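Student: Below is a structure I'd like to ask you about.
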């Protein structure tokens, strides 16, 4: 069985309960991809990347603290 990859393909997510924080939503309950509905059964891992990039990263250097 070939692994399925959907990097950069659009998906439509759905929540049973709307996320409390728009900028940091929880994992969706289900999503639609290529016309088929997929249900999230278990969250295996997650990470959040709050690092700044580009010009905004300069202000986060230790010498600017």
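Numbering (our numbering), first residue to last: 859 to 923.
Just so it is clear, CB atoms sit at the ideal spot from N, CA and C, and this is done for glycine as well.
Bear in mind the structure is a predicted one, so any value in this text is a computation, not a measurement.
Using CA atoms only, rank isn't needed, just tell me which of 911, 906, 874, 912 is closest to residue 882.
Tutor: Among 911, 906, 874, 912, the Cα nearest to that of residue 882 belongs to 906.
Student: For the beta strand (DSSP E) holding residue 818, just list the boundary residues, first then last.
Tutor: With the chain represented from 859 up to 923, any question about residue 818 goes unanswered, as that position is not in the structure.
Student: Of the choices 885, 897, 868, whose alpha-carbon is the least far from that of residue 903?
Tutor: It is 885 whose Cα lies nearest to the Cα of residue 903.
Student: Out of 912, 870, 860, state which residue places its alpha-carbon closest to the alpha-carbon of residue 895.
Tutor: Residue 870 is the option with its Cα nearest to residue 895.
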